[in-house]
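In terms of the working numbering, the sequence shown is residues 1 to 625. Positions of the beta carbon are idealized from the N, C-alpha and C atoms, including for glycine.
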Amino acid sequence: MNPGAIPKILLVIVSGLLTLLDRAHAQEKNDEPNEKHEYREPELTDVDRQHWSLRTVERPALPSVANKDLLGTAIDSFILSKLQEKGLVYQPPADRGTLLRRLKFDLHGLPPSVEELERFEQDEQPDAVERLVDRLLGSPQYGQRWAQHWLDLARYAETDGFEHDKTRAGVWRYRDWVIAALNKDMPYDDFVRHQLCADQVRGADPIATQFCLAGSDMPDINEQDLRRHDKLNEITSTVGATLLGLQFHCAQCHDHKFDAISQADFYRLRAVFESAIPVMVRNEHILTLEQQKKPLAAKFYRRGELSGVGSTVLPALPRLAVQQNEIQYLTESSARMQFADWLFHRDNPLTARILANRIWQQHFGKSLLENPSDVGVLNIKPEHRELLEWLACELMSADWSIKHLHRQILLSNCYRQASGIRPENGDELLNTKDPDNSFYGRFPMRRLSGEEVRDALLATSGIINLRMGGPSAHPPLPPELKITLLEKQWKESQDRAEHYRRSIFVFARRNLRYPIFEAFDRPDAGASCAIRNESTTAIQSLHLLNSDLTLDCAKRLASSVRQNLPAERSKESIDAMVKRVFGRSASHEEITFLHQALEAAESSSAGYVAIAVALYNSNEFLYVD
Numbered sequence: 001m002n003p004g005a006i007p008k009i010l011l012v013i014v015s016g017l018l019t020l021l022d023r024a025h026a027q028e029k030n031d032e033p034n035e036k037h038e039y040r041e042p043e044l045t046d047v048d049r050q051h052w053s054l055r056t057v058e059r060p061a062l063p064s065v066a067n068k069d070l071l072g073t074a075i076d077s078f079i080l081s082k083l084q085e086k087g088l089v090y091q092p093p094a095d096r097g098t099l100l101r102r103l104k105f106d107l108h109g110l111p112p113s114v115e116e117l118e119r120f121e122q123d124e125q126p127d128a129v130e131r132l133v134d135r136l137l138g139s140p141q142y143g144q145r146w147a148q149h150w151l152d153l154a155r156y157a158e159t160d161g162f163e164h165d166k167t168r169a170g171v172w173r174y175r176d177w178v179i180a181a182l183n184k185d186m187p188y189d190d191f192v193r194h195q196l197c198a199d200q201v202r203g204a205d206p207i208a209t210q211f212c213l214a215g216s217d218m219p220d221i222n223e224q225d226l227r228r229h230d231k232l233n234e235i236t237s238t239v240g241a242t243l244l245g246l247q248f249h250c251a252q253c254h255d256h257k258f259d260a261i262s263q264a265d266f267y268r269l270r271a272v273f274e275s276a277i278p279v280m281v282r283n284e285h286i287l288t289l290e291q292q293k294k295p296l297a298a299k300f301y302r303r304g305e306l307s308g309v310g311s312t313v314l315p316a317l318p319r320l321a322v323q324q325n326e327i328q329y330l331t332e333s334s335a336r337m338q339f340a341d342w343l344f345h346r347d348n349p350l351t352a353r354i355l356a357n358r359i360w361q362q363h364f365g366k367s368l369l370e371n372p373s374d375v376g377v378l379n380i381k382p383e384h385r386e387l388l389e390w391l392a393c394e395l396m397s398a399d400w401s402i403k404h405l406h407r408q409i410l411l412s413n414c415y416r417q418a419s420g421i422r423p424e425n426g427d428e429l430l431n432t433k434d435p436d437n438s439f440y441g442r443f444p445m446r447r448l449s450g451e452e453v454r455d456a457l458l459a460t461s462g463i464i465n466l467r468m469g470g471p472s473a474h475p476p477l478p479p480e481l482k483i484t485l486l487e488k489q490w491k492e493s494q495d496r497a498e499h500y501r502r503s504i505f506v507f508a509r510r511n512l513r514y515p516i517f518e519a520f521d522r523p524d525a526g527a528s529c530a531i532r533n534e535s536t537t538a539i540q541s542l543h544l545l546n547s548d549l550t551l552d553c554a555k556r557l558a559s560s561v562r563q564n565l566p567a568e569r570s571k572e573s574i575d576a577m578v579k580r581v582f583g584r585s586a587s588h589e590e591i592t593f594l595h596q597a598l599e600a601a602e603s604s605s606a607g608y609v610a611i612a613v614a615l616y617n618s619n620e621f622l623y624v625d
């Protein structure tokens, strides 16, 4: 354990225990028997409001740094000042090929082509990186990559889950809406407003509100009132965690044990959405929100149980995140719109921080916060709090442009540095003083997601289908998986070209994820996912060695290279394969070794395929540095 982390851990434990005692005492009072069984909501205290995440976001001054030559964007001032305190500096810049591969996977989820590599390496203009970043952000592939991050948060899938896992016809239109919105850089305030209340926004597509309804569902249940109750609770929990970074779901049944979120807070937030959910009908899906003319009255449910229905509640903003002591009630007919407007009010302390952190997290592979969907009292003040404040302010000042924040991060020297530690640049010092890379003295290497692995296989073999939008594709499944499904639950696409579409367009079933996604830790969409697990298992290696997908792509890669070069130029063919898979030229040692393996193969064709499989199973293919 890092000795410097001990005081923080103790602080969290002590703070948590004190808060737990206070909350337990309040809950004890609520549970005391009384004639009317009335719920007593605990009052907010000044201590409740003192947590760093609940203070107004203010732009911090840029720290001064000794080595001004290392400043790319304002971000570098914050990172370098922390490194300076530790006696550390950045690693040297990554080489052109490494930076290109990093940017392509980061923004597109795809490897660079050989032509892109040659063009970028030959571009000697001082603004070459800036133009590359703008080109990548302007490509339609950007939205297809970054939409998946949002779909993880939105717990998106195209089926219900549970026993029958029925398909929701047309739900893919929400996926396409997210992709299109990100590609045109829809301001984040509009992006969220449409997903909460598109039915009340002129010209908006109501499918955007699928964000609220994308969770698991059981339309064939007999108790449709229970189905509606569970759906509203799930919407409330998702909105709280995704947009505000507060764990409201803990307050469905009781006042939150740590954060100052009462059970009444939960049901007042739930009331924001109550009038947009109709009375549910058995075996009918609800794909969009729509303001009901005669909505059901929002109620408080003691212990969260449908049978514990209590008094009527009115929609209101979360007490913890507003400056006033009085409860800020909303108009029932426009509660969602008023809530969306408040989310992006300058006084709201949470929305900008949460999104800025999520963008940083996806670029660097780790969050500035311990839990990006929970900024409650158990989430201690982040090490780089001033940087987070600056990112949040920059996002707001740029009218909530996500692409603007991308540029600030990607053009920083922090992002552009090498991932490997070099002895001449303080190898042992960096390992000793910052073994976890908490201060970003090097770029953090990351493994590709399952979607990126599959798309990279398809792209490097030359068979990827980049057609955008429309109904999802159903690539072939192994027979042993197909027999686990009910009839017609996976109808293989008849058009073979559909088998090679980008991974975001592969049918998203809750109860059976596509094999390579399952192997590489894709979430099951059962709940909003802020951080994907990253396991290392034998199944992953076996999949990349033996799956039909890998073998198909290896054969096509080998065939494509051999068609362009005659047999006597086998060393050039090997170099061409390495360039496609790794985004760099092969070294002399690599060519010599692989050529020897090729000559030892029973046939030239089999030898090339074996080389392709070996390249696909290497760490360099699976990791971005």
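Bridge partner(s) assigned by DSSP for residue i
i      : result
Thr312 : Lys299
Ser561 : The displayed chain sequence assigns Val, not Ser, to residue 561. Per DSSP, none; premise fails for Val561.
Val506 : Ala473
Arg358 : According to DSSP, which records beta bridges pairwise, Arg358 is partnered with nothing at all.
Tyr500 : DSSP output for Tyr500 lists no bridge partner at all.
Gln195 : Bridge partners of Gln195: none, in fact.
Thr167 : Thr159
Tyr329 : Ala316
Beta-carbon proximity of residue i to residue j, cut-off 8 Å
i      : j      : result
Leu388 : Leu368 : yes
Ile179 : Gly143 : yes
Asp455 : Arg502 : yes
Gly376 : Pro444 : no
Phe517 : Glu451 : yes
Phe273 : Leu232 : yes
Ala628 : Leu395 : The displayed coordinates of the chain run from 1 to 625. Any statement about residue 628 would go beyond what the structure contains.
Lys104 : Leu136 : yes
Asp625 : Ser412 : no
Glu383 : Ser438 : yes
Gln338 : Leu330 : yes
Leu54  : Ser77  : no
Arg101 : Pro112 : yes
Leu269 : Cys212 : no
Arg580 : Leu557 : yes
Pro315 : Ala271 : yes
Gln247 : Asp255 : no
Asp230 : Trp400 : no
Same chain, Cβ closer than 6 Å to residue i, neighbours up to 5 away in sequence not counted
i      : result
Ala208 : Trp177, His194, Gln195 and Ala198
Ile539 : Ala519
Gly441 : Leu83, Leu88, Leu430 and Asp434
His404 : Ala398
Asp31  : In this predicted model, Asp31 has a pLDDT of only 44, less than 50, meaning its place in the structure is not dependable; the value taken from the coordinates is given anyway. Correct list: empty, nothing qualifies.
Bounding residues of the alpha helix (DSSP H) (the contiguous stretch that carries residue i)
i      : result
Arg510 : It is not in any alpha helix (DSSP H) - Arg510 carries neither H nor E in the DSSP assignment.
Asp625 : Per DSSP, Asp625 belongs to no alpha helix (DSSP H) and is neither H nor E.
Pro626 : With the chain covering 1 to 625 only, the question about residue 626 has no answer from this structure.
Ala208 : Careful: Ala208 lies outside any alpha helix (DSSP H) and carries neither H nor E.
Trp177 : Trp172 to Asn183
Ala614 : Ser604 to Tyr616
Pro515 : Pro515 to Ala519
Glu386 : Arg385 to Ser397
Cys414 : Asn413 to Arg416
Asp48  : Neither: Asp48 is in no alpha helix (DSSP H) and is coded neither H nor E.
Leu369 : That residue, Leu369, is in no alpha helix (DSSP H); it is neither H nor E in DSSP.
Contacting residues, own chain, Cβ-Cβ under 8 Å from residue i (five flanking each side not counted)
i      : result
Asn325 : Leu44
Arg227 : Asp217, Met218, Pro219, Ile221 and Met280
Pro93  : Leu99, Asn413, Arg416, Gln417 and Ala418
Gln200 : Gln291, Ser334, Arg336 and Met337
Any non-hydrogen atom of the ligand ZN within 7 Å of residue i CB
i      : result
Ala558 : The ligand content of the structure shown is nil, which means the ligand ZN is not present either.
Cβ neighbours of residue i in the same chain (closer than 7 Å, five flanking residues each side left out)
i      : result
Pro60  : Glu386, Glu389 and Trp390
Gln148 : Glu451 and Ile504
Leu458 : Ile464, Tyr500 and Cys553
Gln252 : Asn233, Phe266 and Gly304
Ala527 : Arg155
Pro140 : Asn183 and Met468
Thr167 : Glu158 and Thr159
Chain D within 8 Å of residue i, Cβ atoms only
i      : result
Thr159 : Given the protein chain composition of this structure (a single chain), no chain D is represented.
Item to complete: Ignoring anything shorter than 4 residues or poking outside the region 218 to 301, list the alpha helix (DSSP H) runs there in chain order.
Response: 224 to 239 and 263 to 274
Discussion item. Suppose only complete runs of 4+ residues qualify. What are the alpha helix (DSSP H) ranges in the region 54 to 140, listed by chain order?
Written reply: 74 to 85, 96 to 108, 114 to 122 and 128 to 137
Worksheet entry | 4 or more residues per run - each alpha helix (DSSP H) lying fully within the region 419 to 496 | 427 to 433, 450 to 460 and 479 to 482
Worksheet item: What runs of the alpha helix (DSSP H), each 4 residues or longer, lie entirely inside the region 537 to 581?
Response: 538 to 546 and 548 to 564
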